[in-house]
Amino acid sequence: MHEPVTFHFDVDGENFSSAGEASVIIKKKLRQLGFSPDIIRRVSIAMYEGEINMVIHANGGAADVTVMDEYIEIVLSDKGPGIPDVELAMREGFSTARENIRALGFGAGMGLPNMKKYTDYMKIDTEVGVGTKITMRVNTTG
Amino acid sequence: MKIEEIGKFCSAEVLCGEEYLDGEVYSACCSDMMSDVLAFVKDQGVLITGLVNTQVIRTAAMMDMVCIVFVRNKIPTEEMIALAEECGIVVMRSALRAYEACGILYSRGLIGNKGDSVCTNP
Ligand SMILES: Nc1ncnc2c1ncn2[C@@H]1O[C@H](COP(=O)(O)OP(=O)(O)OP(=O)(O)O)[C@@H](O)[C@H]1O
Ligand SMILES: [Mg+2]
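Protein chains in written order, with this note's numbering: chain A, 1 to 142; chain B, 143 to 264.
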C-alpha cells in the first residue's frame, strides 16, 4: 500500500479560456508518475469534459484527483444548478447549452456519455439548486 | 505524411513546434466542435479547424494530437501558441478553407481514420 497522491484544483467559472487547466496539469503529473498513455488519456479526457461542464453549466467548482494503488479517482464538485434528470443528461446529444456555448465549440451533449465511456466507474450525485458531485474512477491494474 | 508536408501542401505558416516537423502522421480530423473531437477522435494526429480559442489547444492535447491547422487565415493568440508549445503541438495557419485543406491532405494520403475507412495497402 502506497500513500495516495492527491491533487486539488479550484476551477474558475468566470473564465472559459482557463477551463481545462487542471486537466492539462494532471496529464503531466500522470506522465511523471509513469502511467501508460491509454490510462493517462482516459483520465484526462474524462476530467477535461467534467471541468468544461463545471465552467459552462455550473459557474465553476473544484476538482480533486487521487492516485491510489488500484485506480485513479477524479471528483468534480460544484454548487451549480444541479441536474434535474440525470438519465436524460446522460443521453448522447442531450444538451441545454445555448448558441453562445456552441460557438465556443461545446454543447453537443457528448460530455457525460464520454466520461462514462472512458472511465470504469462513474457516479453522479446531484440536487437541483444545490450542486453536483461527479465521482469517476479509472482502474490502473490489469 | 510528415508534419512538414502538411504545411507545404496547405501553404501554411508554421507558428510553433518547428522541432516536431519531422514527425509522421497518418490520419486527421476536421471539426469546429471540440465536443465531437473529444467524443469521436481515436488516433487521428492532426486537427483541422476554423475555431480559434484556447480549448482547441487543450482538446488536441487531451487527445494526444500532434498538429493543429487553423484554416481561413484565423490567427491564434499568443496565449494559445504558448500553451501549444508547452504541450508539444505544432500549430499552423493556412488561408485555405477547411474543405479545401481536407481535400488536399486526403488526396495526398492523410486519411480520416487509420485503417478504417480507407485501405492504404490493397
Ligand atoms: N456540472 C453540471 N451542473 C449542471 N448541469 C450539468 C452539469 N454537467 C452537465 N450538466 C447538464 O447535463 C447536460 C449534458 O451534459 P454533457 O456534458 O453530456 O453535454 P454538454 O456539456 O451540454 O455538451 P458537450 O459536453 O458535448 O460539450 C448539459 O447540457 C447540462 O444541462
Ligand atoms: Mg459537457
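We put the CB at the ideal spot given by N, CA and C, even for glycine.
Remember, it's a predicted structure, so these values are computed and weren't measured experimentally.
Min CB distance residue i to chain A below 8 Å
{"i": "L193 of chain B", "result": "yes"}
{"i": "V208 of chain B", "result": "no"}
{"i": "Q197 of chain B", "result": "yes"}
{"i": "A181 of chain B", "result": "yes"}
{"i": "S177 of chain B", "result": "yes"}
{"i": "R214 of chain B", "result": "no"}
{"i": "A226 of chain B", "result": "no"}
{"i": "D185 of chain B", "result": "no"}
{"i": "R235 of chain B", "result": "no"}
{"i": "T262 of chain B", "result": "With a pLDDT of 39 at T262 of chain B, under the threshold of 50, the modelled position of this residue cannot be trusted; read the value that follows with caution. Answer no: the Cβ-Cβ gap between T262 of chain B and chain A never drops below 8 Å."}
{"i": "R239 of chain B", "result": "no"}
{"i": "A170 of chain B", "result": "no"}
{"i": "A243 of chain B", "result": "no"}
Supposed contact pair residue j and residue i - C-beta distance, whole angstroms, cut 8 Å
{"i": "D10 of chain A", "j": "A62 of chain A", "result": "6 Å"}
{"i": "S177 of chain B", "j": "F106 of chain A", "result": "5 Å"}
{"i": "V138 of chain A", "j": "D120 of chain A", "result": "6 Å"}
{"i": "S173 of chain B", "j": "A237 of chain B", "result": "Not confirmed; about 20 Å, so no contact."}
{"i": "K116 of chain A", "j": "M90 of chain A", "result": "7 Å"}
{"i": "M1 of chain A", "j": "D69 of chain A", "result": "6 Å"}
{"i": "A19 of chain A", "j": "V55 of chain A", "result": "4 Å"}
{"i": "I45 of chain A", "j": "Y118 of chain A", "result": "5 Å"}
{"i": "T141 of chain A", "j": "I39 of chain A", "result": "Actually they do not touch by this definition, with Cβ atoms about 10 Å apart."}
DSSP-derived helix/strand/coil call for residue i
{"i": "V198 of chain B", "result": "helix"}
{"i": "D190 of chain B", "result": "Looking at the sequence itself, residue 190 of chain B is Ile, so the reference to Asp does not match. Three-state DSSP puts I190 of chain B in a strand."}
{"i": "E147 of chain B", "result": "helix"}
{"i": "R139 of chain A", "result": "Strictly speaking, residue 139 of chain A in this sequence is Asn, with Arg absent from that position. Strand at N139 of chain A."}
{"i": "M122 of chain A", "result": "strand"}
{"i": "L157 of chain B", "result": "strand"}
{"i": "S36 of chain A", "result": "coil"}
{"i": "I253 of chain B", "result": "strand"}
{"i": "E127 of chain A", "result": "strand"}
{"i": "A19 of chain A", "result": "coil"}
{"i": "A97 of chain A", "result": "coil"}
{"i": "M90 of chain A", "result": "coil"}
{"i": "D178 of chain B", "result": "helix"}
{"i": "G109 of chain A", "result": "coil"}
{"i": "V55 of chain A", "result": "helix"}
Distance CB(residue i)-CB(residue j) smaller than 8 Å
{"i": "E49 of chain A", "j": "G111 of chain A", "result": "yes"}
{"i": "V156 of chain B", "j": "A170 of chain B", "result": "no"}
{"i": "V75 of chain A", "j": "T6 of chain A", "result": "no"}
{"i": "M207 of chain B", "j": "I231 of chain B", "result": "yes"}
{"i": "L180 of chain B", "j": "M143 of chain B", "result": "no"}
{"i": "V233 of chain B", "j": "I148 of chain B", "result": "no"}
{"i": "I83 of chain A", "j": "V43 of chain A", "result": "no"}
{"i": "G159 of chain B", "j": "A226 of chain B", "result": "yes"}
{"i": "V198 of chain B", "j": "A240 of chain B", "result": "no"}
{"i": "S95 of chain A", "j": "A103 of chain A", "result": "no"}
CB contact below 8 Å: residue i versus chain B
{"i": "N114 of chain A", "result": "yes"}
{"i": "E49 of chain A", "result": "yes"}
{"i": "G129 of chain A", "result": "no"}
{"i": "V144 of chain A", "result": "Any answer about residue 144 of chain A is impossible in this case: the structure gives chain A only from 1 up to 142."}
{"i": "R31 of chain A", "result": "no"}
{"i": "R41 of chain A", "result": "yes"}
{"i": "V11 of chain A", "result": "no"}
{"i": "L76 of chain A", "result": "no"}
{"i": "V138 of chain A", "result": "no"}
Residues that DSSP places opposite residue i in a beta bridge
{"i": "L76 of chain A", "result": "A:A63, A:I134"}
{"i": "H8 of chain A", "result": "A:D64"}
{"i": "V232 of chain B", "result": "B:C209"}
{"i": "A278 of chain B", "result": "Outside the modelled stretch of chain B, which goes from 143 to 264, sits residue 278 of chain B, for which no answer is possible."}
{"i": "Y71 of chain A", "result": "A:N139"}
Closer than 9 Å at the beta carbon, the chain E residues around residue i
{"i": "M110 of chain A", "result": "The structure shown contains no chain E; its protein chains are A and B."}
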